[in-house]
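Just below is one structure, and these are the notes that go with it.
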Amino acid sequence: MSTPRVLLFDSGMGGLTVARSVRHELPFAHLVYSADNAAFPYGAWEEQALVQRILLVMGELIARVEPTIVVVACNTASTIALGALRERFKVPFVGTVPAIKPAAAQSKSHVIGVLATPGTVRREYTHALIHDFASHCQVLLHGAPKLAEIAESKLKGVAVNLEELRGEIAPVFKGEGVARTDVVVLGCTHYPLLAEEMAKVEPWVVRYIDPAPAIARRVAEVLKETPVVEASKPVPPHNAVLLTSNRAGAEDALPAYAKMSFHLPEFLDLRV
Ligand code: DGL
Numbered sequence: 000m001s002t003p004r005v006l007l008f009d010s011g012m013g014g015l016t017v018a019r020s021v022r023h024e025l026p027f028a029h030l031v032y033s034a035d036n037a038a039f040p041y042g043a044w045e046e047q048a049l050v051q052r053i054l055l056v057m058g059e060l061i062a063r064v065e066p067t068i069v070v071v072a073c074n075t076a077s078t079i080a081l082g083a084l085r086e087r088f089k090v091p092f093v094g095t096v097p098a099i100k101p102a103a104a105q106s107k108s109h110v111i112g113v114l115a116t117p118g119t120v121r122r123e124y125t126h127a128l129i130h131d132f133a134s135h136c137q138v139l140l141h142g143a144p145k146l147a148e149i150a151e152s153k154l155k156g157v158a159v160n161l162e163e164l165r166g167e168i169a170p171v172f173k174g175e176g177v178a179r180t181d182v183v184v185l186g187c188t189h190y191p192l193l194a195e196e197m198a199k200v201e202p203w204v205v206r207y208i209d210p211a212p213a214i215a216r217r218v219a220e221v222l223k224e225t226p227v228v229e230a231s232k233p234v235p236p237h238n239a240v241l242l243t244s245n246r247a248g249a250e251d252a253l254p255a256y257a258k259m260s261f262h263l264p265e266f267l268d269l270r271v
């Protein structure tokens, strides 16, 4: 049987949280991780420019990897560009969008927090999820200006400033007693990287929803229905990492990729 090639894509290292679950769910798959690190962070981009950027980068990546499936391991990209990606490319895409539906179903207080990038918070897609699945809840939707960068820096070896982190997550904690926030959606794939530190600064204990295991299960389902076509040329090996910067722009991130077993970086040098 041929091995499916799974291309994981994020703006940076947040998608590694999804890669971990995909590896667990599909230990036989050929994984290639890609990050548009030259354009990080996506959270600050204007919508139309971001869609154009993602289409450009995805075109290069698909040509290079010839994936069986693409996992857009980024909420900020998925909530704006999934439709355009599916229209432009034939390969199946699995996206990552804020887990508002399970959060609303699990909350007992009906006060839920959604932590995401400023971009994801602005999206119509996110507001439609709230309207469709959480209309019975008070939803504290917060675009955290620095959280993805704090997570990215942590993986590059910079100590997390806990006071800054406290300020970034505080807006999703509201209410008192049984009527306070009890579930918080991690609506950016970078945020589970800060789980340990968030537990230190949260005002009270809540349940955080990391969608990675559910995304990995969805990837497995889609792959069952997707024929594996052999690549037409040599493609990056299993556990390779493709970055859109040049080598100098990624040097400080390479140890973190290696720690997650992503080696042999290729630098596409796709400047913004
Ligand atoms: N990891 C990305 C997400 O899930 C966003 C980080 C960024 O702002 O680039 O939304």
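Numbering that gives the first Met the number 0 numbers the first residue of the sequence shown as 0 and each following residue consecutively. Each residue gets a CB set at the ideal place from its N, CA and C atoms; glycine is no exception. Computed from a prediction, not measured in an experiment: that's the story for all the values here.
| Item | Value |
| --- | --- |
| The region 165-172 contacting the region 21-37, beta-carbon criterion three pairs below 8 angstroms | no |
| Nearest-angstrom beta carbon gap, residue 263 and residue 236 [assumed within contact, 8 angstroms] | 6 angstroms |
| Uninterrupted beta strand (DSSP E) stretches inside the region 11-91 (no shorter than 3 residues) | 29-34, 68-71 |
| Close Cβ partners of residue 178 (< 6 angstroms) along its chain, the five nearest in sequence each way excluded | 108 |
| Residues near residue 186 in its chain [Cβ-Cβ closer than 7 angstroms; skip 5 each side] | 74, 97, 113, 114, 115, 119 |
| CB of residue 3 within 8 angstroms of CB of residue 67, strictly | yes |
| From 64, 267, 258, residue whose alpha carbon lies closest to that of residue 15 | 258 |
| Top-ranked residue by Cα proximity to residue 193, from 8, 250, 208 | 208 |
| Selected residue, minimal CA-CA separation from residue 45, among 76, 69, 5, 1 | 76 |
| Option in 246, 65, 181 with minimal Cα separation from residue 267 | 246 |
| Closer than 7 angstroms: residue 40 CB and nearest ligand 1 heavy atom | yes |
| Cβ-heavy atom distance, residue 189 to ligand 1, below 7 angstroms | yes |
| beta-carbon residue 147 near ligand 1 non-hydrogen atom, thresh 7 angstroms | yes |
| Environment of residue 223 [buried if 16+ CB atoms lie within 10 Å] | exposed |
| Own chain, CB closer than 7 angstroms to residue 59, minus 5 neighbours either side, in chain order | 267, 269 |
| Reduced DSSP category for residue 264 - H, G, I as helix; E, B as strand; rest coil | strand |
| With 16 other Cβ atoms within 10 Å as the buried cut-off, status of residue 191 | buried |
| Residue 166: CB within 7 angstroms of a non-hydrogen atom of ligand 1 | no |
| For residue 174, the nearest candidate out of 202, 148, 249, 150 (CA to CA) | 202 |
| Segment contact flag, the region 211-228 with the region 37-55, C-beta cutoff 8 angstroms, min 3 pairs | no |
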